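Take a look at the structure:
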């Protein structure tokens, strides 16, 4: 079975985000980047399934770091769709990925349920549509037998949905599907020398044009400082009631 796993390099959740002066994106000067956590789950699942596994990432040159993380974990091959110097929206990203995946003839496509930077959770769905393939999102259980895949996902109210899907198919992976492994030292060393097939984004876009244009980037306003209530309990209750009535205007 040929398995493609789609990954994205994202800012570390502990990194302080600063918008650049032109408000066209984030200032990358002091950003630490990581492999998106949900994508780690997809990588682990691909390794457990086995077969001919390939990691695919669309991004600038630095995205190679995320690719090598997946290789160090145990993925066999790699493709980098290079976007250096340009930006593409989710639809264009899905279009480029679909082009590469169709060319590669993959049976199974695994993605994280969403990247933790924009949190759009849109590329897996668009990718499946462009491939003309069935999809199931937010999967937390999976069994593969030949060209049949049985998956489960949680839905509201504690219920579960169960799907039997025939490949080729696209699945987005939720935490709980597995526990991603840590890359071993030998794996890290081998990953450094593994070849990465590089493709230019414009060459695989299949003519896709952006559906979304970003006007500018802004951080949310800082939260106002909290107020500390003092005095005896009865006095604090009186102060709280006054604040809720006069400032919050909720009573």
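In the numbering used here, the protein residues as written are 5 to 255. We put the CB at the ideal spot given by N, CA and C, even for glycine. Remember, it's a predicted structure, so these values are computed and weren't measured experimentally.
Cross-strand partners of residue 6 (DSSP beta bridge)
Checking the DSSP bridge columns, you'll see residue 6 partnered with 56.
Below 8 Å on the Cβ atoms is my guess for residue 86 versus residue 107; work out the distance and round it to an integer in Å.
The distance from the Cβ of residue 86 to that of residue 107 is about 16 Å, inconsistent with a contact at the 8 Å cut-off.
Compare the beta carbon distance of residue 5 and residue 111 with 7 Å and say whether it is the shorter of the two.
Yes; because the gap between Cβ atoms is below 7 Å, this pair is in contact.
Mapping the DSSP letters down to three states, classify residue 129 as helix, strand or coil.
Reduced to three states, the DSSP call for residue 129 is helix.
Report the rounded CA-to-CA distance for residue 130 versus residue 139, giving the unit in angstroms.
Our two residues, residue 130 and residue 139, have alpha carbons roughly 10 Å apart in a direct line.
Local conformation of residue 162 per DSSP, three classes:
Correct three-state label for residue 162: helix.
Report the start-end ranges of each alpha helix (DSSP H) in the segment 58-91 that is 4 residues or longer and not cut off at the edges.
Qualifying alpha helix (DSSP H) stretches, in chain order: 68-77.
Residues near residue 79 in its chain [Cβ-Cβ closer than 8 Å; skip 5 each side]
Cβ contact annotation for residue 79 (same chain, cutoff 8 Å, sequence separation greater than five): 9, 47, 50, 51, 57, 58, 59, in chain order.
With three or more beta-carbon pairs closer than 8 Å as the criterion, would you say the segment 202-214 touches the segment 90-106?
These segments touch.
Quick one: which unbroken alpha helix (DSSP H) runs of 4-plus residues sit fully inside the segment 174-200? Chain order, please.
Listed in chain order, the complete alpha helix (DSSP H) runs (minimum 4 residues) inside the segment 174-200 are 189-197.
In whole angstroms, what is the alpha-carbon distance linking residue 70 and residue 33?
Each residue's alpha carbon lies about 18 Å from the other.
Please look up how many angstroms separate the CB atoms of residue 143 and residue 181, rounded, as I've assumed it's under 8 Å.
Distance from residue 143 to residue 181 at the Cβ level is roughly 6 Å; contact confirmed, criterion being Cβ atoms closer than 8 Å.
Using DSSP's beta-bridge definition, name the partner residues of residue 116.
177, per the DSSP bridge assignment.
Once the 5 residues before and after residue 233 are set aside, which same chain residues still bring their CB inside 7 Å of it?
Cβ neighbours of residue 233 beyond the five flanking positions: 240, 243, 244.
DSSP has residue 13 in a bridge; who is on the other side?
Answer is 39.
Across the segment 151-161 and the segment 114-131, are there enough close Cβ pairs to call them in contact, namely three or more that are closer than 8 Å?
Here the segment 151-161 does not lie against the segment 114-131, with fewer than 3 beta-carbon pairs under 8 Å apart.
Between residue 62 and the rest of its own chain, which residues show a CB-CB distance below 7 Å, the 5 nearest in sequence each way excluded?
Answer for residue 62: 85, 87, 97, 100, 101, 205, listed in chain order.
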